[in-house]
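Residue numbers (the numbering used here), protein chains in the order written: chain A, 448 to 701; chain B, -12 to 426.
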C-alpha cells in the first residue's frame, strides 16, 4: 500500500511517500500564508517524484503544528507520536529523540516499539528553535550556512544569557559592539540554543541512543554543541527534517 | 480504558439553586451595607464564620473574585492593565492583579457599578507569596483597618503542634478584641460558635461530595465543581449552604446509583492539583471529545472542603466536624472556639507539608480512579508552581501518567491555547486515547 505523511510545519511542509516499506519520494515546500495550498503543492510534488498518481496514494496522515488545516488528509497525529514512529522505523535502538524545528523543540522518550513514554516541549519561546538561529544570523548580517561555518571555527566562548530570543538578539548586538568576533558570537548563539534544549530534554529520561531530528539537525554547529550539553553522542538520520512526515506515512500504512 | 461506552447523562437538578446562591453572595457585597451588614475582605481559607460574632456580614474572598474576573478576558485585561499602570509587575499573583485592577477601575464584576468599600480586612496568612500584601494595598487604598493571623500553610510536620495551636489560638482571641474596637460592636460568642459549626459542617460536606466523584462514571465533572464551589467557599458559615450541599450530596449519590455520568463518553479520567487557567475552561470541554473526564482537583478538595487522609492506610475518607472527633471538646465559649479553630487548621490537609502532600496526591489519585494527572506550571502563582517538577517525578515514580503545561490561572495573555491543546493531544495519543469520531 502506498501512503503519504504530511508534516505541516511552521516554516515548511514536508511530505513523504511510502510504498511497500520504502520511501518512494519526499518533498519540501515553504508553508507561507496558505498552508493548505502549500501542503497540496508538496503532496503533488512528492507524488510526481515517486512517479505515481494521486489515486495510488491510499491514505494520507497529517502531522505538525498545522495538521488540522490539512483537510484532505484522512486523519492526523501529533508530531510527538509521528517523531517516535519515524525514528523507531529508521533506528530502533533510539530511546531519546530531540526534535528541533523552526518554532518548537521537543524531547521524546520512547520504548523499543516506538511508543512514547514521556515528552517535553518548549512553551511560547523561540529561544530553543531554528527560528532563533535565523534571527541571529540576520543580526550578524550573514546567511545561516555561513553562520554554521563560522561557529565551527570559533575559539572563544562568548555568553548569551537571555532565555528569550528577543532579549538574546539585543545581547548579540551588544557583543557586536564589544568587537567580539563573529565566529564566537555565532558559536554563542548555537551554544545558547543547545543549552536551552538540553535543559528541557533532561526533564525526561535521557537514555541512549539519542537521535537528533528536525531541520536544525542539519546544522553541524548545533549538533556539535548539543553533544557537549547532553554529554552523549547523537544519531542523525538521513534527511532529519522528514522524520515527522515519515512517521505520519508509517501511521497511515498501519 | 479505551472501551467506548456511552453513559446516561443529565444536568444537576439543583443546578439553578446553586447558581442563585452563588449570585446572592456576590450581590450582597453591593447591598450589604444598606442592610446593616459588615463587608469584610479576606482570603478564602479564613475561618470567617467568626465574623458572625459581630452580627450579619458579607465576606469577600479575594481569590474567587480574582478567578471570576480571570474567566472573562474582556473584563480581566483592562483590570490587569490598570494594575500594571500603578507600577506593579506582571509576575505577581494573578488573582490579586485582577482584584486590584477591578478596585482601581472602581468596577465591580458581578453586578456592575462601583467596587465595594470594605469595613475592614481580616484573614489568615493563607499564601506565602502575596496575599497579606494584597490586602494591605486594599487597606491603604480604601483607608480601612486590617489584621492578620500568622498561621502559615505547608509547614513542617515535625515538632509539638501544641505550641503552634497556643500561638494561633491566642491571635484569634486578640483578633476578637480588635474587631470589637474597629467596628464598635460587641462580640456575641454564641452567634460566632453557631456560624463556625456551619462552616465546619459545610467544609466536610464539600469534601465528601468531591470524594464521591471517585465513582465510575464520575457523577460530576470538574466544570460543575468549579461552578458550585463558591457556595462552599463564600457561604460556608450559613445554614442555607448546608441545606444546598446536603441536597447536592444526595443527588450525587443518586447519580452514582443510577450510573448518571457528567461526561457521557467517559473513558479516561484525569485529575489536577491546582486551579485551572480560568480563561481557558474550554480545555475541559475540548478534552471531552477524547472521552476525558476531569474528576477533581486537590486544591479545591482541601481549600473549600476538608477530608481526612489516612496516610498509612493509603486512604482518604470524609472529614468529621471537630466536635464529633474523639478527644475534641464541645465549643462552649470564645476560648474554646479559638482553640478549636487553631487546632482544626493545624490538622487540616491545607497545612500538609510537601512531603505529606506527595503521599496525599497518590492516595487521592487512586481514590478518584484516575488515569493521569494534569499539572499546571502556573505563572500566576509562585507557591502553587513550587515543587511541581518534584511532584511530577514523584507521581511518575508511582506509575502515574502526568501531563504538564505552562500557563497562568488568572491572566489570559499568558496562555498559548493552541500549544496547550496540542501538547495534551500528544499526551493522550501516547496513552492510546484518540479523538472520538462521534463526539
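Note that beta-carbon positions come from the ideal geometry of N, C-alpha and C, so glycine has one too.
Using a Cβ-Cβ distance cut-off of 8 angstroms, determine whether residue i contacts chain A.
i: residue 358 of chain B; result: no
i: residue 59 of chain B; result: no
i: residue 397 of chain B; result: no
i: residue 81 of chain B; result: no
i: residue 367 of chain B; result: no
i: residue 386 of chain B; result: no
i: residue 74 of chain B; result: no
i: residue 36 of chain B; result: no
i: residue 42 of chain B; result: no
i: residue 130 of chain B; result: no
i: residue 416 of chain B; result: yes
i: residue -12 of chain B; result: Note that residue -12 of chain B has pLDDT 47, beneath the 50 cutoff, so the model's placement of it is unreliable and the number below is only indicative. So no, residue -12 of chain B is outside the interface.
Would you decide whether residue i is buried or exposed? Buried here means 16 or more other CB atoms lie within 10 Å of its CB.
i: residue 426 of chain B; result: Its pLDDT being 44, under 50, residue 426 of chain B is placed unreliably by the model, and nothing is read from it.
i: residue 448 of chain A; result: exposed
i: residue 14 of chain B; result: exposed
i: residue 467 of chain A; result: exposed
i: residue 103 of chain B; result: buried
i: residue 504 of chain A; result: buried
i: residue 272 of chain B; result: exposed
i: residue 10 of chain B; result: exposed
i: residue 153 of chain B; result: exposed
i: residue 211 of chain B; result: buried
i: residue 620 of chain A; result: exposed
i: residue 409 of chain B; result: buried
Establish whether the CB of residue i and some CB of chain B are separated by less than 8 angstroms.
i: residue 518 of chain A; result: no
i: residue 525 of chain A; result: yes
i: residue 568 of chain A; result: yes
i: residue 732 of chain A; result: Any answer about residue 732 of chain A is impossible in this case: the structure gives chain A only from 448 up to 701.
i: residue 528 of chain A; result: yes
i: residue 695 of chain A; result: no
For a test of the three-state rule: what should DSSP assign to residue i, helix, strand or coil?
i: residue 491 of chain A; result: helix
i: residue 305 of chain B; result: strand
i: residue 296 of chain B; result: strand
i: residue 393 of chain B; result: strand
i: residue 312 of chain B; result: coil
i: residue 226 of chain B; result: helix
i: residue 509 of chain A; result: strand
i: residue 256 of chain B; result: strand
i: residue 387 of chain B; result: coil
i: residue 546 of chain A; result: strand
i: residue -12 of chain B; result: Note that residue -12 of chain B scores a pLDDT of 47, beneath 50, so its modelled location is shaky; the value from the coordinates is reported in the next line. Correct three-state label for residue -12 of chain B: coil.
i: residue 650 of chain A; result: coil
i: residue 477 of chain A; result: strand
i: residue 537 of chain A; result: helix
i: residue 708 of chain A; result: This structure cannot settle anything about residue 708 of chain A, because the visible part of chain A is limited to 448 through 701.
i: residue 46 of chain B; result: strand
i: residue 77 of chain B; result: coil
i: residue 565 of chain A; result: strand
i: residue 268 of chain B; result: coil
i: residue 360 of chain B; result: strand
i: residue 469 of chain A; result: strand
i: residue 187 of chain B; result: helix
i: residue 284 of chain B; result: strand
Report whether the distance from the Cβ of residue i to the nearest heavy atom of the ligand NAP is below 7 angstroms.
i: residue 586 of chain A; result: Looking at this structure, you won't find the ligand NAP or any other ligand, since it has none at all.
- Message: So, does the stretch 583 to 594 of chain A touch the stretch 646 to 654 of chain A, judging by three or more C-beta pairs under 8 angstroms?
- Response: no
- Query: How do the stretch 219 to 237 of chain B and the stretch 249 to 261 of chain B stand: do at least 3 beta-carbon pairs fall below 8 angstroms, yes or no?
  - Reply: no
- Taking 8 angstroms as the threshold, find out whether the stretch 60 to 78 of chain B comes into contact with the stretch 271 to 290 of chain B through three or more Cβ pairs. no
- Query: When you check each C-beta in the stretch 601 to 626 of chain A against every C-beta of chain B, which residues fall closer than 7 angstroms?
  - Reply: Under the 7 angstroms Cβ criterion, the stretch 601 to 626 of chain A contributes no residue.
- Between the stretch 335 to 349 of chain B and chain A, which residues of the former have CB atoms less than 9 angstroms from a CB of the latter, in chain order? none
- Item | Inter-stretch contact (C-beta, 8 angstroms, three-pair minimum) for the stretch 166 to 173 of chain B and the stretch 25 to 45 of chain B | yes
- Task: Return the residues of the stretch 402 to 414 of chain B that lie within a Cβ-Cβ distance of less than 9 angstroms from chain A, sorted by chain order.
- Result: 402, 403, 405, 406, 407, 409, 410, 412, 413, 414
- Cβ contact (3+ pairs, closer than 8 angstroms) linking the stretch 491 to 501 of chain A and the stretch 681 to 688 of chain A: The stretch 491 to 501 of chain A makes no contact with the stretch 681 to 688 of chain A: fewer than 3 CB pairs, one atom from each, lie closer than 8 angstroms.
- Message: By the 9 angstroms beta-carbon criterion, what residues does the stretch 257 to 288 of chain B contribute toward chain A?
- Response: none
- Item | Any 3 or more C-beta pairs closer than 8 angstroms across the stretch 594 to 610 of chain A and the stretch 668 to 682 of chain A | yes
- Taking contact to mean at least 3 C-beta pairs separated by less than 8 angstroms, is the stretch 175 to 185 of chain B in contact with the stretch 206 to 221 of chain B? Touching, no.
- Query: Between the stretch 223 to 232 of chain B and the stretch 186 to 193 of chain B, do at least 3 Cβ pairs fall closer than 8 angstroms?
  - Reply: A contact exists between the stretch 223 to 232 of chain B and the stretch 186 to 193 of chain B.
- Give a yes or no on contact between the stretch 292 to 302 of chain B and the stretch 322 to 336 of chain B, applying the rule of three or more CB pairs nearer than 8 angstroms. yes
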